[in-house]
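Structure first, commentary second.
Protein chains in written order, with our numbering: chain A, 1215 to 1403; chain B, 6 to 320.
Structural data, given as structure tokens:
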């Protein structure tokens, strides 16, 4: 397996740290005048999503992680796994709850999303930044109240609960920012 | 194509103005400006410094990591106090505060020791910054006690590793030797918290580099470093004049290099011969000019102080 020396570190590089695949977010070279040089690195553990600080002696090497990110089509959930398909090869991948995490709230069949594969297995799923989903449940809309503020919770077809303006009704489609979980706009059908 | 300088024209003008002020400062103090070669067959043996090798018709040469050896040969030849502004090169040092090629102002004052030289560094910086700054002076030992609660003169390696791991989480300190732990604490814990100009002096003798050992306390070296807001600006010594001790330090460096799997470097026999003939007692200091510009102009990165940097894209 290939490895990377600290002088090759840059953001986005995928390496193995403490047996887990990680992505380098930031890398800073630190050296006291005549002393030992270090690389202070901020990394994201791609399995847990946690962000950690690590310090390495400059010149050390880390094993490269076989991590690729592929755009895939979400197919369905069988109750245990979420199934995705590579659009070109039609190859299918099954991701478990650990890999999907909170992203399941935004997964709608046929939508495209980014699946992170580590040694060929899914370890992460990133939905598109914006998704359009049906409202399946919410309190009755207040007619005419289209301008003023005020929100109410609405349950979407994927199970996500989002705050929406008071005038929206069951069956309407909303556009949501999946990074913040916030309502963006109503989508005209 | 990004062909423009990485420093602004204002910075480039400021650099020129500073060089004029530096020359006036040293001229008034009766220093001789000198100019020594950048290429040499020998180089710095320090295990923490990577020399850049160049070849010329199969002859191995090195770009200087500082002008120290050549300037000391001038001192031994009777030059009197000398200074120079020159480029120096250190491989594998690239980052926000480091560039492989950088500019040093280095000077040697005959009959001075490191304490007197710190006064002169203050006078120079006050001149260049056109104001009277306040400077703190603190011993290396007291600094680490104050900021990291570590007394290097009274701690076992195992305890030091434990303490370092605690203060810098995410570090495999079992891989670090005693001085590497101290370096870790200094760069990660202490330096980021320093404010204003701070001289750190009386380094552990294991980090003496080319400094004289203190006559009354053999566990410390007469070495100082100047920081500003945690950024290291200068490194100075009461210079080691003993040829025999100097040879032993070079040899120890090379042994350490070999144990770390690094190439051993040719020792500068010209310097040792000069020391044997006799170099006057003196103190010397190297000041990073690019970093001093960063401080004076409040620049965020060394790139903004240097006219052109040539880096691999994305690094």
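Glycine included, each C-beta is placed from N, C-alpha and C at the ideal position.
Please read these numbers as outputs of a predicted model, since none were measured by experiment.
If we ignore side chains and look at the alpha-carbon of each, how far apart do residue 1244/A and residue 13/B end up?
Stepping through the first chain from its first residue, residue 1244/A is reached at position 30. Stepping through the second chain from its first residue, residue 13/B is reached at position 8. In a straight line, the C-alpha of residue 1244/A is about 25 Å away from that of residue 13/B.
For chain B, check one thing: does any of its Cβ atoms lie closer than 8 Å to the Cβ of residue 1242/A?
Looking up residue 1242/A in the first chain gives position 28. Cβ-Cβ to chain B under 8 Å: yes for residue 1242/A.
8 Å Cβ cutoff, residue 1245/A in contact with chain E
The structure shown contains no chain E; its protein chains are A and B.
Helix, strand or coil, according to DSSP, for residue 179/B in the structure here?
Taking the second chain and counting its residues from 1, the one referred to as residue 179/B is at position 174. In the three-state DSSP reduction, residue 179/B falls in the helix class (H, G or I).
Go ahead and pull the three-state DSSP assignment for residue 112/B.
Start at 1 with the first residue of the second chain, and residue 112/B comes out as number 107. Under the three-state reduction of DSSP output, residue 112/B falls in the strand class.
Are the beta-carbon atoms of residue 90/B and residue 108/B separated by less than 8 Å?
Numbered from 1 along the second chain, position 85 holds the residue referred to as residue 90/B. Numbered from 1 along the second chain, position 103 holds the residue referred to as residue 108/B. Judged by beta-carbon spacing, residue 108/B lies within the 8 Å limit of residue 90/B, meaning their Cβ atoms are closer than that value.
Identify the contact partners of residue 1267/A in chain B, using a Cβ-Cβ distance below 7 Å as the criterion.
What you label residue 1267/A is simply residue 53 of the first chain in a count that begins at 1. Residue 1267/A reaches chain B at 174 and 175, counting residues in chain order whose Cβ is nearer than 7 Å.
Can you have a look at residue 37/B and say buried or exposed, based on whether 16 or more other CB atoms are within 10 angstroms of its CB?
The count along the second chain starts at 1 and reaches residue 37/B at position 32. Exposed.
Which residues mark the beginning and the end of the alpha helix (DSSP H) in which residue 277/B is found?
Along the second chain, read from residue 1 onward, the residue named residue 277/B stands at position 272. Per DSSP, residue 277/B belongs to the alpha helix (DSSP H) from 274-282.
Just the chain A side, please: which residues come within less than 8 Å of residue 104/B by C-beta, in chain order?
Within the second chain, residue 104/B is the residue found at index 99, counting from 1. What residue 104/B touches in chain A: nothing, since even the nearest Cβ is about 11 Å away.
Pick from 43/B, 150/B, 115/B and 58/B: whose alpha carbon is nearest that of residue 324/B?
Residue 324/B lies beyond the stretch modelled for chain B, which goes from 6 to 320, so this question has no answer here.
Tell me, please, which residues DSSP counts as bridged to residue 1270/A.
Here residue 1270/A is taken as the residue at index 56 of the first chain, counted from 1. Looking at the DSSP output, residue 1270/A sits in a beta bridge with 1253/A.
Decide if residue 1304/A is buried, meaning its Cβ has at least 16 other Cβ atoms within 10 Å, or exposed.
Within the first chain, the letter at position 90 stands for residue 1304/A. Looking at its Cβ environment, which holds fewer than 16 other Cβ atoms inside 10 Å, residue 1304/A is exposed.
Return the residues of the region 75-102 of chain B that lie within a Cβ-Cβ distance of less than 8 Å from chain A, sorted by chain order.
Taking 8 Å as the Cβ-Cβ cut-off, the region 75-102 of chain B approaches chain A at 97, 98, 99, 100, 101 and 102, given in chain order.
Could you give the residue range of the alpha helix (DSSP H) that holds residue 1370/A?
Along the first chain, read from residue 1 onward, the residue named residue 1370/A stands at position 156. Residue 1370/A -> not in any alpha helix (DSSP H); beta strand (DSSP E) instead, spanning 1365-1370.
Below-8 Å beta-carbon distance, residue 1291/A vs any chain B residue:
Here residue 1291/A refers to the residue found at position 77 of the first chain. Not a single CB atom of chain B sits nearer than 8 Å to the CB of residue 1291/A.
Might you give, ordered along the chain, the residues of its own chain that have their beta carbon closer than 8 Å to the beta carbon of residue 1226/A, omitting 5 neighbours on each side?
Looking up residue 1226/A in the first chain gives position 12. Within the same chain, residue 1226/A has close Cβ partners 1237 and 1238.
What is the rounded straight-line gap between the Cα of residue 1331/A and the Cα of residue 105/B?
What you label residue 1331/A is simply residue 117 of the first chain in a count that begins at 1. What you label residue 105/B is simply residue 100 of the second chain in a count that begins at 1. One C-alpha to the other measures close to 37 Å.
What residues match up with residue 1384/A in a beta bridge as DSSP calls it?
To locate residue 1384/A, count along the first chain from 1; it is residue 170. Answer by DSSP bridge pairing: none, since residue 1384/A is not bridged.
Among the residues of its own chain, which have a CB less than 8 Å from the CB of residue 45/B, if the five just before and after it don't count?
Position 40 of the second chain, counted from the first residue, corresponds to residue 45/B. Contacts found: 66, 67, 69, 74, 75 and 273.
Compute the Euclidean distance between the alpha carbons of residue 88/B and residue 127/B, then round it to the nearest angstrom.
As a first step, residue 88/B must be located in the second chain, where it is residue number 83. As a first step, residue 127/B must be located in the second chain, where it is residue number 122. Cα atoms of residue 88/B and residue 127/B: separation of roughly 16 Å, rounded to the nearest angstrom.
Would you please state the rounded distance, in angstroms, between the beta carbons of residue 227/B and residue 240/B? I believe it to be under 8 Å.
Taking the first residue of the second chain as 1, we reach residue 227/B at position 222. Taking the first residue of the second chain as 1, we reach residue 240/B at position 235. Actually they are not in contact, since the Cβ atoms of residue 227/B and residue 240/B sit about 12 Å apart, beyond 8 Å.
Identity of the residue in 159/B, 151/B and 191/B nearest residue 169/B by Cα
In the second chain, residue 169/B corresponds to position 164, counting from 1. In this structure, 191/B is the residue among 159/B, 151/B and 191/B with its C-alpha nearest to the C-alpha of residue 169/B.
Per-residue burial, residue 1344/A [other beta carbons within 10 Å of its own, 16 or more giving buried]
In the first chain, residue 1344/A corresponds to position 130, counting from 1. Its Cβ having fewer than 16 others within 10 Å, residue 1344/A is exposed.
Tell me whether the region 43-57 of chain B and the region 148-161 of chain B touch, counting them as touching only if at least three CB pairs, one residue from each stretch, are closer than 8 Å.
The region 43-57 of chain B vs the region 148-161 of chain B: no contact.
Residue 31/B versus 221/B, 141/B, 130/B and 308/B, residue with shortest Cα-Cα distance
In the second chain, residue 31/B corresponds to position 26, counting from 1. Measuring from the Cα of residue 31/B, the nearest candidate turns out to be 130/B.
Which residue spans inside the region 38-122 of chain B form an unbroken alpha helix (DSSP H) run of at least 4?
Correct list: 73-81.
In chain A, which residues lie less than 8 Å from residue 193/B when you measure between Cβ atoms?
For this step, residue 193/B is matched to residue 188 along the second chain. Per Cβ cutoff of 8 Å: 1244, 1252, 1254 and 1269.
By alpha-carbon positions, which one of 119/B, 194/B, 117/B and 138/B ends up nearest to residue 151/B?
As a first step, residue 151/B must be located in the second chain, where it is residue number 146. Minimum Cα-Cα distance from residue 151/B among the listed residues 119/B, 194/B, 117/B and 138/B corresponds to 194/B.
Could you give the C-beta distance for residue 1193/A and residue 1328/A, rounded to a whole number, given that I count them as a contact under 8 Å?
Because chain A is modelled from 1215 through 1403, residue 1193/A falls outside the range shown and cannot be assessed.
If the cut-off is 8 Å on Cβ atoms, which residues from the region 37-65 of chain B count as contacting chain A, listed in chain order?
Result list: 51, 53 and 54.
Straight-line gap, residue 1396/A to residue 1371/A (C-alpha atoms, nearest Å):
Start at 1 with the first residue of the first chain, and residue 1396/A comes out as number 182. Start at 1 with the first residue of the first chain, and residue 1371/A comes out as number 157. Roughly 15 Å separates the two Cα atoms.
Mind checking if residue 1248/A is an interface residue toward chain B, Cβ cutoff 8 Å exclusive?
As a first step, residue 1248/A is located in the first chain; it is residue number 34 there, counting from the start. Yes - at least one Cβ of chain B is within 8 Å of the one on residue 1248/A.
Are the beta-carbon atoms belonging to residue 1219/A and residue 1275/A less than 8 Å from one another?
Against the first chain, residue 1219/A aligns to sequence position 5. Against the first chain, residue 1275/A aligns to sequence position 61. A contact, by the Cβ cut-off of 8 Å.
Could you tell me the alpha carbon to alpha carbon distance between residue 167/B and residue 301/B, rounded to whole angstroms?
As a working note, residue 167/B is residue 162 in the second chain. As a working note, residue 301/B is residue 296 in the second chain. Cα-Cα distance, rounded: 38 Å.
Below 8 Å on the Cβ atoms is my contact criterion, and I expect residue 1267/A with residue 1254/A to pass it. Report the Cβ-Cβ distance as a whole number of Å.
To locate residue 1267/A, count along the first chain from 1; it is residue 53. To locate residue 1254/A, count along the first chain from 1; it is residue 40. With a Cβ gap of about 7 Å, residue 1267/A and residue 1254/A count as contacting.
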